[in-house]
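Notes for the one structure printed next.
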Amino acid sequence: MSHRTTTTTSPLRRLGVAAAAATLGGLAVMSGASPAAAGSNGQQIVFHDSRGIIYSVRIKGNNQNGQYVEACFNTNYTDNYLSNWWWKGPVNITGYTAGECTSGATIAYIGEVTIPTQYSGDYFPVSG
16 MSHRTTTTTS
26 PLRRLGVAAA
36 AATLGGLAVM
46 SGASPAAAGS
56 NGQQIVFHDS
66 RGIIYSVRIK
76 GNNQNGQYVE
86 ACFNTNYTDN
96 YLSNWWWKGP
106 VNITGYTAGE
116 CTSGATIAYI
126 GEVTIPTQYS
136 GDYFPVSG
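So the mapping is simple: the numbering used here equals the position in the sequence shown, first residue as 1, plus 15.
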């Protein structure tokens, strides 16, 4: 013997649910919420330590606003996502065999890399 349950929804309830969904969607747009997208005015960098000896990198170059900046990033992994810094154009990258871009560490100059203004991913890959 089969039991079957049928649920009916009134047209007024369906209209209320649709209105609530439209309102929530509109609020998300108005609040600026949007899915993560690839950069269109500079890129974040993912640094790949291909030699396994680089424990920090210093990057010097222009940010997404065209301002010259430099920053040191510890790179404790093979792939290091250097988040919240956007770069574009030519940047100079110097690698260090110690953390915190320690001046006493062995320096492994990686060189100049051109970071594109637009890129298909969230991070532009750089190897050293």
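A virtual CB, placed ideally from N, CA and C, is assigned to each residue, including glycine.
Note that the structure is a prediction, hence the values are computed from the model and not measured.
- Residue range 83 to 89 is occupied by the beta strand (DSSP E) that includes residue 87.
- Residue 63 has its alpha-carbon roughly 6 Å from the corresponding atom of residue 141.
- Between the stretch 97 to 115 and the stretch 69 to 79, the count of C-beta pairs closer than 8 Å reaches three or more; the two stretches touch.
- Here residue 143 carries a coil assignment [DSSP, helix/strand/coil].
- The shortest CA-to-CA distance from residue 114 to any of 73, 125, 89 and 127 is the one to 89.
- Note on geometry: alpha-carbon atoms of residue 133 and residue 69 lie some 27 Å from one another.
- Straight-line measurement puts the Cα of residue 135 at about 22 Å from the Cα of residue 93.
- Measuring C-alpha to C-alpha distances from residue 116 to each of 56, 73 and 59 identifies 73 as the nearest.
- The beta carbon of residue 110 lies closer than 6 Å to those of 69, 72, 123, 125 and 143 in the same chain, with the five residues before and after it left out.
- Judged by DSSP in its simplified three-state form, residue 76 adopts strand.
- The beta carbons of residue 59 and residue 98 sit about 6 Å from each other, so the pair counts as a contact at 8 Å.
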